[in-house]
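Engineer:
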Amino acid sequence: MKPLLLSLLFVTPFLHAKENEWDTQATQLYSNASSYQFYSTFELLNELLKNEWNESIYERTMLYLGYDMLGMKKFKENHSGHSLWEPWFEEKIEFQTEILELLHPLIEKKRSGKTLSEEDLQLLSKQRERIQQKLLQ
Numbered sequence: 000m001k002p003l004l005l006s007l008l009f010v011t012p013f014l015h016a017k018e019n020e021w022d023t024q025a026t027q028l029y030s031n032a033s034s035y036q037f038y039s040t041f042e043l044l045n046e047l048l049k050n051e052w053n054e055s056i057y058e059r060t061m062l063y064l065g066y067d068m069l070g071m072k073k074f075k076e077n078h079s080g081h082s083l084w085e086p087w088f089e090e091k092i093e094f095q096t097e098i099l100e101l102l103h104p105l106i107e108k109k110r111s112g113k114t115l116s117e118e119d120l121q122l123l124s125k126q127r128e129r130i131q132q133k134l135l136q
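Number 133 in numbering that gives the first Met the number 0 belongs to position 134 of the sequence shown; there are no gaps in the numbering.
Here it is as structure tokens:
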């Protein structure tokens with residue numbers, strides 16, 4: 000099953016949960032699924048950046064990532080004040096946003112038909128390592 004679909008399957012029932020209805024296992028499952036969704040998105044962007052650019056694939060990929068990020072923001076809001084989940088989702092959102100901001104100039108470069116430099120490729124490699132380290136935590 001694709002990571003996005005997995006994420007969406009688990010997010011819907013819990014978006015409107017009240018504090019006393021929080022389900023730790025389901026929240027953890029969604030959190031894990033969203034992490035792997037992000038890693039899958041990064042890997043797809045990595046391939047697009049290193050090889051032939053495909054705008055259609057890029058747009059769909061970013062749409063799915065947007066849904067996942069909206070889900071994370073909703074989870075964070077619904078867990079506002081929770082000592083574990085609010086900071087957990089805040090950190091995930093900040094981390095993923097930071098990675099995407101670092102990739103943005105590379106994406107624009109590739110969209111304009113330019114080839115990535117060795118420095119650009121090193122940046123991609125470093126971000127992959129950062130994401131993998133986060134997944135192993």
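Note that the Cβ used here is the ideal one computed from N, Cα and C, for glycine as well. Just so it is clear, the structure is predicted and the values come from calculations on it, not from any experiment.
1) Applying the criterion that 16 or more other CB atoms from any shown protein chain within 10 Å of the CB defines a buried residue, is Thr-40 buried or exposed?
2) From Glu-100 to Phe-74, what does the alpha carbon distance come to, in whole angstroms?
3) Going straight from the alpha carbon of Asn-31 to that of Pro-104, what length do you get?
4) Closest to Ile-92 by C-alpha separation, out of Gln-121, Tyr-63, Thr-26, Asp-67, would be which residue?
5) Rounded to the nearest angstrom, what separates Glu-90 and Leu-102 at their Cα positions?
6) Look at the alpha carbon of Glu-76 and the alpha carbon of Leu-122, and state the distance between them as a whole number of angstroms.
7) For the putative contact between Phe-94 and His-78, defined by C-beta atoms under 8 Å, what is the C-beta separation to the nearest angstrom?
8) So Leu-83 and Thr-60 are supposed to be a Cβ contact under 8 Å. How far apart are they, rounded?
9) Hey, Leu-36 and Tyr-63: beta-carbon distance below 9 Å or not?
10) Taking the alpha-carbon positions, what's the Ser-55 to Glu-46 distance?
11) Residues in the same chain with beta-carbon distance under 7 Å from Glu-85, minus the five sequence neighbours each way, listed in chain order, please.
12) Suppose contacts are defined by Cβ-Cβ distances below 9 Å. Is Gln-126 in contact with Ile-98 by that definition?
13) Return the first residue and the last residue of the alpha helix (DSSP H) that Glu-100 is part of.
Structural biologist: Once the coordinates are examined:
1) buried
2) Computed Cα separation, rounded: 22 Å.
3) 28 Å
4) Asp-67
5) 18 Å
6) 32 Å
7) At roughly 17 Å, the Cβ-Cβ gap does not stay under 8 Å, so Phe-94 and His-78 are not in contact.
8) The pair is not a contact, with the Cβ atoms about 30 Å apart (cut-off 8 Å).
9) The sequence given here places Gln at residue 36; Leu does not occur at that position. Gln-36 is a Cβ neighbour of Tyr-63, given a cutoff of 9 Å.
10) 14 Å
11) Listed in chain order, the non-local C-beta contacts of Glu-85 below 7 Å within the same chain comprise Lys-75, His-78, Ser-79, local neighbours out to five positions each way being set aside.
12) yes
13) 84-110
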